[in-house]
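Position in the sequence shown counted from 1, then plus 20, gives you the working numbering. All C-beta atoms, glycine included, are put in the ideal place defined by N, C-alpha and C.
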Amino acid sequence: MRARSPLTLLVVLLALLGSACSIGQTSDSADAPAITVARFETTLRSAAPAELAASDGGDNDDQTSDAPTTTVVEEPTTTVAEEQEETDPGVTSPPPTQEAPAVSSFEVEWVEFELDDVFDEEHIIGAWVPVGWEAEDFFGKTFSPADGSPFGIFTELSFDNGCDGLCEAKDWAAALNGPDGWLTGKRSNGAVLVDQDLGDGWLMVTEGDLVQQITFVRWDNAESFYFSCSAETEDSDQQLVDDFVTLCQAARPQWLAS
Numbered sequence: 021m022r023a024r025s026p027l028t029l030l031v032v033l034l035a036l037l038g039s040a041c042s043i044g045q046t047s048d049s050a051d052a053p054a055i056t057v058a059r060f061e062t063t064l065r066s067a068a069p070a071e072l073a074a075s076d077g078g079d080n081d082d083q084t085s086d087a088p089t090t091t092v093v094e095e096p097t098t099t100v101a102e103e104q105e106e107t108d109p110g111v112t113s114p115p116p117t118q119e120a121p122a123v124s125s126f127e128v129e130w131v132e133f134e135l136d137d138v139f140d141e142e143h144i145i146g147a148w149v150p151v152g153w154e155a156e157d158f159f160g161k162t163f164s165p166a167d168g169s170p171f172g173i174f175t176e177l178s179f180d181n182g183c184d185g186l187c188e189a190k191d192w193a194a195a196l197n198g199p200d201g202w203l204t205g206k207r208s209n210g211a212v213l214v215d216q217d218l219g220d221g222w223l224m225v226t227e228g229d230l231v232q233q234i235t236f237v238r239w240d241n242a243e244s245f246y247f248s249c250s251a252e253t254e255d256s257d258q259q260l261v262d263d264f265v266t267l268c269q270a271a272r273p274q275w276l277a278s
């Protein structure tokens, strides 16, 4: 090994002493810990920004995630009852409470409905009506043949209630056949073909210039409303008239005793 000169050794010694002093001054500085911690935090933030952001107590709430989101759109569903209400408002088809009446002019089905009237009363009716006829709330509940039917445009079957004056229990036969009674007015519609007292109701058939009209009424003198079933036909088809009478007689207004 080559020997170093005394001057060289002195220079090396002075360099070592200077480094030692510099290290001592740095360790004695009050800012050293802060610088160290700051550098440590900076290192951590560089290494794991997501973890540190989550621990900041919500300081980065304004940042949005780039992760894709999926929106589930639920298609609207329609129940059977809603579909039925769209075609026949307020009409349901529960199991029949009796056998279908014998008619030949059309096929029939059992339906139930509540009258949409101005009395705020719950008046529910069960009835046999022609299959495929369209229902609407017009003077009670009216069923009319669909387009393309062999029946005339004035042909219809209607169910309703009434009180012919004050809505209270009364002698219905006397009230409806009185001077201002509802049945009395019906007799002015044309020639009266049938005008029959049924004891707890009335049957009337009249014939005008354009239509024949069937009117059937049932009542209970202890009740405040009577039940009515009406039908019209343009034809002088006695079988069709008889079938309408049969359907009216088979109807069951729930507020009257069966």
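- Counting along the chain, the unbroken alpha helix (DSSP H) around residue 263 starts and ends at 258–270.
- Rounded to the nearest angstrom, the Cβ distance from residue 259 to residue 113 is 26 Å, too far for a contact under 8 Å.
- For residue 221, the enclosing beta strand (DSSP E) starts and ends at 221–227.
- Beta-bridge annotation (DSSP): residue 148 is paired with 130.
- At the C-beta level, residue 271 and residue 121 stay beyond 8 Å of one another.
- Residue 119 and residue 148 have their alpha carbons spaced roughly 10 Å apart.
- Across the set 146, 159, 242, the C-alpha of 159 shows the shortest separation from the C-alpha of residue 176.
- Nearest C-alpha to residue 213 among 167, 174, 256: 256.
- The C-beta distance from residue 128 to residue 267 rounds to 7 Å, short enough to fall under 8 Å.
- The three-state secondary structure of residue 182, taken from DSSP, is strand.
- In this model, residue 209 and residue 227 are separated by some 7 Å (Cα to Cα).
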